[in-house]
Amino acid sequence: MARKPKQTLAETTDKHLLYQASVQSPEFELDFIDTTFKLLRNRRAHSMREDFCGTALASCDWVRRHRDNTAVGVDLDAEVLEWGDLNNAARLSAGQRKRLALREEDVMSCGETGFDVIQAFNFSYWVFQSRKELLRYFKGVHRSLADDGVLFLDAFGGYAAHKTSIEKRKLDGFRYEWEQASYNPVTGEMQCYIHFAFPDRSRMDKAFSYCWRLYGAQEVRDILSDAGFSSTQMYLQCFDAETDEPTDDYECTDECEDHACWLGYIVAMK
Ligand SMILES: C[S@@+](CC[C@H](N)C(=O)[O-])C[C@H]1O[C@@H](n2cnc3c(N)ncnc32)[C@H](O)[C@@H]1O
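To convert a position in the sequence shown, counted from 1, into my numbering, add 116.
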């Protein structure tokens with residue numbers, strides 16, 4: 117009898133687990149949201165909408181953090197939401213689960229209002245290729261926020277962002293690869309992929325694919341202002357003075373050296 121071929125790690129590993137382990141740091145991001153909101157508004161944020169939520173990892177952590185916290189996760193993709201429901205939301209207590217809602221919806225058409233915080237992380241808002249679309253999205257976010265609500269976005273840039281590249285990181289049991297496969301310097305359109313590679317030499321190529329426009333940070337801030345936000349702040353990742361390596365600290369500043377790559381948050385106040 118023929119032996120059943122042994123399955124490779126690429127065939128047996130769940131891509132959403134790999135994504136969460138390699139790309140997301142919800143604890144760090146929610147600490148940042150909590151601290152910054154308190155600093156800006158002199159109160160705690162409790163209601164949060166997570167746009168482009170994918171597996172809703174951050175929303176689940178948010179309702180776990182505080183008994184008054186509520187979260188709404190919004191994503192277009194039914195498959196990723198179902199995965200999040202079965203794998204992340206299922207780990208919540210019954211009380212926590214009641215304070216979480218997952219919506220299969222376009223972030224452009226979310227009607228619910230009164231959120232303290234709306235967050236759109238991992239550059240997902242770059243899916244809007246035209247300024248007109250991004251403005252429409254930001255206007256919708258502005259309407260959905262409470263009177264003192266705050267929008268949290270992330271952004272990256274620097275000269276290394278304006279070219280094709282591949283960045284590899286060795287993680288526990290696999291390698292993460294971020295590929296900027298094409299970049300159009302006129303339109304800013306770029307095609308990016310996440311690949312995963314395994315110790316048995318198997319690969320999960322193009323596990324995730326993103327067609328984005330690389331926006332400049334100041335351009336995003338101008339569009340936020342046009343959408344009605346009263347002010348915006350940049351929080352830039354700091355660099356170690358001796359090693360020049362990025363650290364885990366973020367500083368509220370518009371001053372940025374000409375680094376090959378910078379990473380930061382854009383915080384927009386209604
Ligand atoms: C880069 S993932 C972001 C996952 C997660 N927010 C994170 O921080 O890693 C982008 C997600 O945005 C979703 N998406 C893209 N366009 C959308 C839209 N117009 N409305 C809602 N979700 C959208 C995709 O289905 C995908 O799950």
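Glycine is no exception: its CB is placed at the ideal position from the N, C-alpha and C atoms.
- Query: Is V188 near ligand 1, judged by its Cβ being under 6 angstroms from some heavy atom?
  - Reply: no
- Pull up the distance between the alpha-carbon of S341 and that of T348, whole angstroms please. 8 angstroms
- Message: Using only CA atoms, which one of A194, V179 and C308 lies nearest to A187?
- Response: V179
- For ligand 1, any of its heavy atoms closer than 6 angstroms to the Cβ of R325? The amino acid at residue 325 is misidentified as Arg; the sequence shows Ser. For ligand 1, not one heavy atom lies less than 6 angstroms from the Cβ of S325.
- CB-CB length for G332 against G273, believed under 8 angstroms: 7 angstroms
- Buried versus exposed call for H182 [16 or more other C-beta atoms within 10 Å across all chains shown]: exposed
- Can you round the beta-carbon distance between I382 and L251 to whole angstroms, since I take them to be within the 8 angstroms contact cut? Wrong, their Cβ atoms sit about 15 angstroms apart, outside the cutoff.
- Please say whether F231 and G265 have beta carbons closer to each other than 7 angstroms? yes
- In this structure, does DSSP put T151 in helix, strand or coil? helix
- Proximity of A137 and L267 at Cβ, strictly below 7 angstroms: no
- Task: Out of F168, F148 and I149, state which residue places its alpha-carbon closest to the alpha-carbon of Y326.
- Result: F168
- Task: May I ask you to verify whether the region 137-155 touches the region 284-294, counting CB pairs closer than 8 angstroms and requiring at least 3?
- Result: yes
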